[in-house]
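Chains D and B, in that order, give the protein sequences.
-4 is the number of the first residue of the first sequence in this note's numbering; add one for each residue after it.
-4 is the number of the first residue of the second sequence in this note's numbering; add one for each residue after it.
The C-beta atom is built at its ideal place from N, Cα and C for all residues, glycine as well.
Okay, structure first, notes after.
Number of protein chains: 2
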Amino acid sequence: MRQDKILLAHGSGGTMMRDLIEDVFMSGFDDEILSRMEDAAALDVPPGRISMSTDTYVVNPVFFPGGDIGRLAICGTVNDVATAGATPLYLSVGFILEEGFPVADLRRILETMRDSAAEAGVQIVTGDTKVVEKGHADGIFINTAGIGVIREGVSLSSGSCVPGDKVLLSGTLGDHGIAVVSIREGLTFDTDIETDAAPLNHLINATLDAAPNARCFRDPTRGGLASTLNELAGASAVSITVEEDLVPVRPQVRGASEMLGYDVFQVANEGKMVSIVPADEADAALEAMRNAPYGADAAIIGEVAEGPAGKVYVKTGFGSKRIMDMLVGEQLPRIC
Amino acid sequence: MRQDKILLAHGSGGTMMRDLIEDVFMSGFDDEILSRMEDAAALDVPPGRISMSTDTYVVNPVFFPGGDIGRLAICGTVNDVATAGATPLYLSVGFILEEGFPVADLRRILETMRDSAAEAGVQIVTGDTKVVEKGHADGIFINTAGIGVIREGVSLSSGSCVPGDKVLLSGTLGDHGIAVVSIREGLTFDTDIETDAAPLNHLINATLDAAPNARCFRDPTRGGLASTLNELAGASAVSITVEEDLVPVRPQVRGASEMLGYDVFQVANEGKMVSIVPADEADAALEAMRNAPYGADAAIIGEVAEGPAGKVYVKTGFGSKRIMDMLVGEQLPRIC
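Structure (structure tokens):
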């Protein structure tokens, strides 16, 4: 392909679109099923129930410390598919490109996607690209959808948490949100804050091996831990109490959150997993998480109690208790 | 939800996003699996290979004669999944909304999506919504991904066409492209030209019942019949010749194409299917198509020959022969 910027004709269905697909996408992804260029991929899937999920990524800027939109687009959907207790297998990818987007940036994003997919052990098997006029999108938007096979006998649900269950968090809070906002706002810190974007399917799998009666997994992305726990408490009609001192947060993330006026419980994460597990499996689950990729800082951060249904509390080191509210209004648009 | 326009906070992950999902999406789609609000849907799938496909829809304008972006988003992906010889079962949906988009328009689009999904017999089981700032998208973009189960023993491929095979087309060419461009350009015709957007999974199924050795199915969307046949001829290393007089085209579509300077073979369709079938199954396939939904105008329009590999020809009523070229450059941006 000779052009160094995306043109409207690259989305036309004609010869220039064929060139874009063959030269940029096929060589970027290098997948055997994808390269058949059929309208649909024909896939072998082991027996079992199927987990399916989708997310669209509009993060701004596209490149940020520790990652880019391509890594988010793979990891985010892999993690969502895995939350059902599934082994993610196949992804679809849909691109919206703004006329004028640099082809070199697209190639760089495809490379990240290929590497992240390889790390997660998933295949990108089918795709689509649309191009819109300059000023009608913002560089690049990416949708991924994914499917996986649910482990035999596993049936996870956000409505299955019961009093006494423990709340596990796989690592530090807030890294992704603060990494993106820091580059957006031109902030600099003593030490780098990088996105935590990572595929957590292996971590979930290891946790399920150790805690086969785990109730559910959720990744605290937009809206942060606060949204996730409020949703779980609501779905299970229980209350959840988190011990503030037990929640891992990097000092520079805590500092930046305070400076910017954010509640770190509401800041987005892209490589963290919350799991609710029965008390008698909590220690085994924690050890499994800590030994799994991206789980070294895992901690038991709280506990499920009877009521009031749908309420989430934070207990401070001083013994006081406050409500952990869901975000009201907007905090960080286009964080993922 | 009290707001009548989409706000950035509707994509925040907080309480306003929860309100949007519960009030607009859940009540619009009313699906039992979707309403569980898990990060991934857990699905029962009959045994067999899986067909998977995705498309993103950026059509402009969003509403046009005979349909809207929602109908395209369902039918387009259903048709792609079905081209593998599959029964489409489940769809994911990803929305990108521009700040300020009217909630009433969104509800109207969701209604079309629900009705089109019901017509096709598929379930919308998982979704995602992002909101971007005003001026950074164009109203609404929709991605759908779909999965289905491939019929036992069926293995379709664009590379399997052989000399002697017949080319079937399920109906008239160009309706969708001309319908969209007519409203975009403010053109009026004596009779209405409406989009042909329609789910063709039942038509494909019926054709496969009648022609079990059908080589492949392709829907001639962006780039039109010309792109589809050129891709098939290339993949199979054969030539294809189409008899111009046998190709069904509505007179008003032919007239509009001529007036606008478009080659009707390059105009987009959203409810048409091309199938290549062995000669001895062609009549049965044609009859099955004609009796299937949206197939009344089906025709055998041409034939596969040995070479030159990758070439597509049009034979006119006068006996002359010209090349049917793929679109070079851009014709109708954002037609789907």
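Legend entry - B:S153, enclosing beta strand (DSSP E) - first and last residue: No beta strand (DSSP E) contains B:S153, which DSSP labels as neither H nor E.
Inset, instruction - Under 6 angstroms Cβ to Cβ from B:G143, same chain only, skipping five residues before and after it: list those, please. - result: S46, V76, A81, T82, P83 and L84
Inset, instruction - Could you list which residues in chain B have their beta carbon closer than 7 angstroms to that of D:I119, in chain order? - result: Ordered by position in chain B, no residue passes the 7 angstroms Cβ test against D:I119, which lies about 11 angstroms from the chain.
Legend entry - Positions along the segment 319 to 330 of chain D whose CB lies within less than 7 angstroms of some CB in chain B: M321, L322, V323, G324, E325, Q326, P328 and R329
Inset, instruction - Indicate whether at least one CB of chain B lies closer than 7 angstroms to the CB of D:V162. - result: no
Legend entry - Local Cβ density within 10 Å of D:L101, reported as buried at 16 or more and exposed below that: buried
Inset, instruction - With distances taken Cα to Cα, identify the nearest neighbour of B:L195 among B:A68, B:G290, B:P303 and B:E27. - result: B:G290
Legend entry - B:N138, DSSP secondary structure in three states: strand
Inset, instruction - Return the first residue and the last residue of the alpha helix (DSSP H) that D:D170 is part of. - result: D170 to R179
Legend entry - Residue span of the alpha helix (DSSP H) that contains D:S332, given as start and end: There is no way to answer for residue 332 of chain D, as the model of chain D reaches only from -4 to 331.
Inset, instruction - Please report the Cβ distance between D:L410 and D:V53, rounded to the nearest whole angstrom; I am assuming they are in contact, meaning their Cβ atoms lie under 8 angstroms. - result: Coverage of chain D is limited to positions -4 through 331, which leaves residue 410 of chain D absent and any answer about it impossible.
Inset, instruction - Mind checking which residues open and close the alpha helix (DSSP H) that includes B:Q247? - result: P246 to L255
Inset, instruction - Identify whether B:G229 lies in helix, strand or coil by the three-state DSSP scheme. - result: helix
Legend entry - Under 9 angstroms from the C-beta of D:M21: neighbouring residues of chain B: Per Cβ cutoff of 9 angstroms: no residues; D:M21 is ~14 angstroms from chain B at best.
Inset, instruction - Using 10 angstroms around the beta-carbon of B:S22, count the other beta-carbons present and answer buried if the total reaches 16, otherwise exposed. - result: exposed
Legend entry - Interface flag, D:K306 vs chain B, CB-CB below 7 angstroms: no
Legend entry - Residues of the segment -2 to 31 of chain D whose Cβ lies closer than 8 angstroms to any Cβ of chain B, in chain order: L2, L3, A4, G6, S7, G8, G9, T10, M11, M12, R13 and R31
Inset, instruction - Within the same chain, show all residues whose beta-carbon is closer than 6 angstroms to that of D:G159, passing over the 5 residues directly before and after it, in chain order. - result: A274
Inset, instruction - Kindly indicate if chain D contains any beta-carbon less than 7 angstroms away from that of B:T78. - result: yes
Legend entry - Pick from D:E114, D:R31 and D:F90 that is closest to D:V73, judged by C-alpha positions: D:E114
Inset, instruction - State the Cα-Cα distance for the pair D:E239 and D:T139, rounded to the nearest angstrom. - result: 34 angstroms
Inset, instruction - Return helix, strand or coil for B:L38, following the three-state DSSP convention. - result: strand
Inset, instruction - Run the CB neighbour count on D:N208, radius 10 Å, all protein chains shown included, and call it buried at 16 or more, exposed below. - result: exposed
Inset, instruction - Please report the residue range of the alpha helix (DSSP H) in which B:A201 lies. - result: N196 to A205
Inset, instruction - Would you please verify whether the beta carbon of B:T335 is less than 7 angstroms from any beta carbon of chain D? - result: No answer is possible for residue 335 of chain B: the residues shown for chain B start at -4 and end at 331.
Legend entry - D:R210, DSSP secondary structure in three states: coil
Legend entry - Contact set for B:A279: own chain, Cβ-Cβ below 8 angstroms, skip 5 residues either direction: A205 and A206
Inset, instruction - Under the assumption that D:L168 contacts D:P243 (Cβ atoms under 8 angstroms), give the Cβ distance between them as a whole number of angstroms. - result: 7 angstroms
Inset, instruction - Give a yes or no on whether 7 angstroms exceeds the smallest Cβ distance from D:L38 to chain B. - result: yes
Inset, instruction - Could you please tell me which residues of the segment 86 to 102 of chain D, in chain order, have their CB closer than 8 angstroms to any CB of chain B? - result: S87, V88, G89, F90 and I91
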